[in-house]
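S.K.: The structure under discussion is supplied below as structure tokens; questions concerning it will follow.
Protein chains: 2
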Amino acid sequence: MTFQWTLKSFKNQRSDIVKEKGSQVVGCKIILMTGLGGRTQASSKSGGMSRIQEKNRNLILDAALGEFSKKGFSGATVERIAAEAGMSKSNLLYYFTSKEAIYNATLAHILEVWLAPLKTLDPQGDPAKELAGYIRQKIEMSAKFPEASRLFANEVMQGAPQILPILQTDLKRLVEEKAGVIDDWINAGKLRRIDPVHLIFTIWATTQHYADFSVQIRALTGRDLSDPEFLKQTEDSVTSLILNGVGLNWPLEDEEQG
Amino acid sequence: MTFQWTLKSFKNQRSDIVKEKGSQVVGCKIILMTGLGGRTQASSKSGGMSRIQEKNRNLILDAALGEFSKKGFSGATVERIAAEAGMSKSNLLYYFTSKEAIYNATLAHILEVWLAPLKTLDPQGDPAKELAGYIRQKIEMSAKFPEASRLFANEVMQGAPQILPILQTDLKRLVEEKAGVIDDWINAGKLRRIDPVHLIFTIWATTQHYADFSVQIRALTGRDLSDPEFLKQTEDSVTSLILNGVGLNWPLEDEEQG
DNA sequence: TTGCATCTTGACCATTTGGTCAAATATCTC
DNA sequence: GAGATATTTGACCAAATGGTCAAGATGCAA
């Protein structure tokens with residue numbers, strides 16, 4: 001249940017991540033296939049890619065994530081990405097046909113992992129535990145992958161030029177499904193009546209805020225999620241606020257149910 | 259208590275806005291003066307500016323807000339801003355010495371209004387009413403000035419290159435002051451013990467989310483804050499979630515206290 | 001109307017930057 | 001090790017873009 005992936009090992013690990021609690025794997029795969037053109041074949045297993053190709057593509061994607069998340073699409077330059085990846089611009093363009101192609105590949109690279117936590121929300125589970133777990137996962141994501149969060153935020157704020165179709169289809173389906181789960185909990189009297197979609201938005205907003213606005217948070221508090229203590233504090237505050245907000249007790253009284 | 263300003267009349271009205279509940283006017287002015295270079299003299303009253311200068315500067319600032327919020331600083335072009343403002347690029351550069359100068363002026367133009375709501379949080383008031391009012395104001399802002407929200411978000415996400423000093427000084431002071439107010443409420447037993455700074459962050463995050471991610475929200479729900487019904491729904495959901503989250507009753511039982 | 005200051009613009013420039021290409025250079029296969 | 005294939009790079013190009021400038025147009029005060 002701990003998050004140990006590093007960005008370097010993103011690619012190798014993410015299939016495992018998705019398989020955990022294997023329920024929505026299909027939807028997840030679909031997401032990757034839809035729209036974004038990068039890595040037509042050999043999308044997950046690096047099959048058909050030479051050792052050197054595999055290595056360089058990963059170097060590029062890592063560098064690109066840093067650059068795009070820091071500067072946005074327009075502000076990023078392929079030259080800098082190439083430098084960061086330790087190769088010439090020409091060479092980078094040997095692996096990706098254009099700046100936009102790098103960008104799309106980077107987005108695709110992330111999207112899957114980024115949306116994974118919501119999929120783990122279990123209709124059978126205890127609402128308080130499930131929601132608390134989801135919130136914790138999302139904050140953990142913001143802590144470990146703030147660049148991914150900012151890249152995603154940037155893309156959406158610019159009007160989601162690349163991923164709009166995915167939002168409208170796959171993500172929409174997923175949100176509707178999980179909103180249904182929450183609604184069932186509500187109808188079962190397990191939590192206060194509240195619009196589940198807004199609840200999901202609130203969880204997204206609060207958790208991602210700490211990554212996207214980390215500079216502001218550091219300016220105001222002197223700390224950010226990279227500080228373990230601040231991370232815990234944030235987890236507690238957000239979780240207690242939201243759980244109490246939906247009428248659930250928090251912290252959980254330790255497992256007293258027989 | 260309703261928000262009727264349009265962007266066109268931004269400049270003329272904001273002094274009034276700030277004066278309402280006049281407590282923090284000084285801090286507010288300071289904010290404008292700090293750092294951002296735009297409009298050295300004649301900052302509020304358009305004194306010393308010709309009729310034509312006043313008109314054109316406003317045209318430019320309006321156009322710039324649209325362009326910068328849509329494309330980010332790097333993605334924006336002075337040519338497009340000029341076109342949108344109905345003048346030639348050369349002419350625009352007669353009014354602002356550089357792209358960066360336009361950007362800073364636009365930020366300054368907004369910042370004051372953007373931070374105003376927090377200043378109205380009244381230590382003497384009823385906590386539930388005060389917090390609900392603050393949340394409502396923030397959502398209203400997101401509804402009326404989504405571009406301003408996105409501009410601000412963009413700036414902060416890029417590392418706040420222009421406004422970092424302001425965040426570290428003026429905004430920090432303001433947040434500390436208002437966190438103190440909330441803490442007093444907590445110590446008076448009026449609301450559940452929770453970190454007030456995280457509470458403020460949560461309110462910012464949730465309310466601004468609806469502006470910054472409006473494309474995603476439209477993709478998922480088919481609506482956004484420009485729809486009055488959705489606006490009301492959002493206000494209710496967010497307010498009830500947060501107020502219940504801090505242990506306050508919502509909706510307010512109508513004024514039963516003697 | 002005249003003369004001055006303000007305003008406006010097109011032509012122009014320098015830089016940045018995404019992308020191409022042909023010529024090396026390394027790697028792999030036999 | 002020869003030859004084919006894959007990788008790497010510097011030189012180069014065209015377009016986009018921020019900014020300058022001199023000259024012309026407009027507004028305004030007397």
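Each protein sequence line maps, in turn, to chains L and Y. Note that this note's numbering has the first sequence beginning at 1, numbered continuously upward. Note that this note's numbering has the second sequence beginning at 259, numbered continuously upward. Built from N, CA and C at the ideal position, the CB exists for glycine as well. Since the model is a prediction, treat every value here as computed from it, not as a measurement.
1. Does residue 415 of chain Y have its Cβ less than 8 Å from a Cβ in chain L?
2. Please classify residue 193 of chain L: is it buried, with 16 or more other beta-carbons within 10 angstroms of its beta-carbon, or exposed?
3. Inspect the CB distances between the stretch 383-395 of chain Y and the stretch 406-426 of chain Y and report whether three or more fall short of 8 Å.
4. Residues in the same chain with beta-carbon distance under 7 Å from residue 499 of chain Y, minus the five sequence neighbours each way, listed in chain order, please.
5. I need the straight-line Cα distance from residue 433 of chain Y to residue 220 of chain L, nearest angstrom please.
6. Relative to the C-alpha of residue 511 of chain Y, which candidate in Y:470, Y:416, Y:384 has its C-alpha closest?
7. How far does the alpha helix (DSSP H) with residue 397 of chain Y in it reach, from first residue to last?
8. Return no unless some Cβ of chain L is closer than 8 Å to the Cβ of residue 354 of chain Y.
9. Mind listing which residues of the stretch 241-253 of chain L have their C-beta closer than 9 Å to chain Y's C-betas, in chain order?
10. Going along the chain, which residues of its own chain have a beta-carbon closer than 7 Å to the beta-carbon of residue 501 of chain Y, five neighbours each way excluded?
11. Take the Cβ of residue 355 of chain Y as the centre, count every other Cβ of all protein chains shown within 10 Å, and call the residue buried at 16 or more, exposed below.
12. Smallest Cα separation from residue 158 of chain L: which of Y:321, Y:310, Y:317, Y:325?
13. Can you find a heavy atom of the ligand COA that lies under 7 Å from the Cβ of residue 114 of chain L?
14. Among Y:315, Y:475, Y:403, which has the Cα closest to the Cα of residue 371 of chain Y?
15. Comparing the C-beta of residue 359 of chain Y with each C-beta of chain L, is any distance below 8 Å?
16. Along the chain, where does the alpha helix (DSSP H) containing residue 74 of chain L start, and where does it finish?
17. Quick one: list the residues of chain Y neighbouring residue 143 of chain L, beta-carbon separation under 7 Å, in chain order.
18. For residue 224 of chain L, go through chain Y and note every residue whose CB falls closer than 8 Å to its CB, in chain order.
19. Is residue 366 of chain Y helix, strand or coil when you go by DSSP?
20. With 16 as the cutoff for other CB atoms within 10 Å, does residue 28 of chain L come out buried or exposed?
21. With a threshold of 8 Å between beta carbons, is residue 120 of chain L in contact with chain Y?
22. Looking at the unbroken alpha helix (DSSP H) that takes in residue 453 of chain Y, where does it start and where does it end?
23. Would you kindly check if the distance between the Cβ of residue 332 of chain Y and the Cβ of residue 245 of chain L is under 8 Å?
24. Are any of the Cβ atoms in chain L nearer than 8 Å to that of residue 351 of chain Y?
25. If you follow the alpha helix (DSSP H) that residue 184 of chain L is part of, which residue opens it and which one closes it?
26. Would you say residue 211 of chain L and residue 225 of chain L are within 8 Å of each other, going by their C-beta atoms?
27. Compare the beta carbon distance of residue 82 of chain L and residue 89 of chain L with 8 Å and say whether it is the shorter of the two.
28. Taking Cβ positions only, does residue 4 of chain L come closer than 8 Å to chain Y?
29. Return the residues of the stretch 151-183 of chain L that lie within a Cβ-Cβ distance of less than 8 Å from chain Y, sorted by chain order.
30. Run down chain Y in chain order and give the residues with a C-beta less than 9 Å from the C-beta of residue 199 of chain L.
31. Straight-line CA distance for residue 185 of chain L to residue 377 of chain Y?
32. One question on the structure: do residue 459 of chain Y and residue 200 of chain L come within less than 8 Å of each other, judged by their Cβ atoms?
33. If we cut at 8 Å on Cβ distances, does residue 62 of chain L have a partner in chain Y?
34. Taking all protein chains shown into account, decide if residue 401 of chain Y is buried (16 or more other Cβ within 10 angstroms of its Cβ) or exposed.
35. Of all the CB atoms in chain L, is at least one closer than 8 Å to the CB of residue 453 of chain Y?
36. Nearest to residue 448 of chain Y by alpha carbon, out of Y:496, Y:382, Y:431, Y:323?
M.R.: Looking at the atomic coordinates:
1. With 8 Å as the cut-off, residue 415 of chain Y counts as an interface residue toward chain L.
2. With fewer than 16 Cβ atoms within 10 Å of its Cβ, residue 193 of chain L is classed as exposed.
3. No, the stretch 383-395 of chain Y does not touch the stretch 406-426 of chain Y.
4. Its chain contains no residue whose beta carbon lies nearer than 7 Å to that of residue 499 of chain Y once the 5 sequence neighbours on both sides are disregarded.
5. Residue 433 of chain Y and residue 220 of chain L: Cα-Cα distance of roughly 8 Å.
6. It is Y:384 whose Cα lies nearest to the Cα of residue 511 of chain Y.
7. Unbroken alpha helix (DSSP H) run through residue 397 of chain Y: 385-402.
8. No - not a single Cβ of chain L is within 8 Å of the one on residue 354 of chain Y.
9. From the stretch 241-253 of chain L, only 241, 242, 243, 244, 245, 246, 247 have a Cβ closer than 9 Å to chain Y.
10. 386, 389, 390, 508.
11. The residue is exposed, with fewer than 16 neighbouring Cβ atoms inside 10 Å.
12. Taking only the C-alpha atoms, the option nearest residue 158 of chain L is Y:325.
13. Within the structure as shown, the ligand COA is missing, as the structure has no ligands at all.
14. With distances taken between CA atoms, residue 371 of chain Y lies nearest to Y:403 out of Y:315, Y:475, Y:403.
15. When Cβ-Cβ separations below 8 Å define contact, residue 359 of chain Y makes no contact with chain L.
16. 51-75 is the extent of the alpha helix (DSSP H) around residue 74 of chain L.
17. Within chain Y, no C-beta atom comes nearer than 7 Å to that of residue 143 of chain L; the closest sits roughly 15 Å away.
18. Taking the beta carbon of residue 224 of chain L as reference, no residue of chain Y falls within 8 Å; the closest one sits roughly 11 Å away.
19. DSSP places residue 366 of chain Y in helix when its eight states are reduced to three.
20. In this prediction, residue 28 of chain L has a pLDDT of 31, which is less than 50 and means its spatial position is unreliable; what the coordinates show is noted afterwards. Residue 28 of chain L is buried by the Cβ-count criterion.
21. No Cβ of chain Y is located within less than 8 Å of the beta carbon of residue 120 of chain L.
22. Premise fails: residue 453 of chain Y is in no alpha helix (DSSP H) and is neither H nor E.
23. No, they are not a contact pair.
24. No, residue 351 of chain Y does not count as interfacial toward chain L.
25. Where residue 184 of chain L is concerned, the enclosing alpha helix (DSSP H) stretches over 172-187.
26. Closer than 8 Å, so yes.
27. Closer than 8 Å, so yes.
28. Any reading at residue 4 of chain L needs caution, since the residue's pLDDT is 32, under 50, leaving its predicted position unreliable; the model's value is listed next. The beta carbon of residue 4 of chain L sits no closer than 8 Å to any beta carbon of chain Y.
29. Of all residues in the stretch 151-183 of chain L, 153, 154, 156, 157, 158, 159, 160, 164, 167, 168, 171, 172, 175 have a Cβ within less than 8 Å of some Cβ in chain Y.
30. In chain order: 495, 499.
31. Distance between the alpha carbons of residue 185 of chain L and residue 377 of chain Y is about 38 Å.
32. No, these two residues do not count as a Cβ contact at 8 Å.
33. The beta-carbon of residue 62 of chain L is placed no less than 8 Å from the nearest beta-carbon of chain Y.
34. That one is buried.
35. Output row for residue 453 of chain Y: interface = yes.
36. Restricting attention to Y:496, Y:382, Y:431, Y:323, the CA atom closest to the CA of residue 448 of chain Y is found in Y:382.
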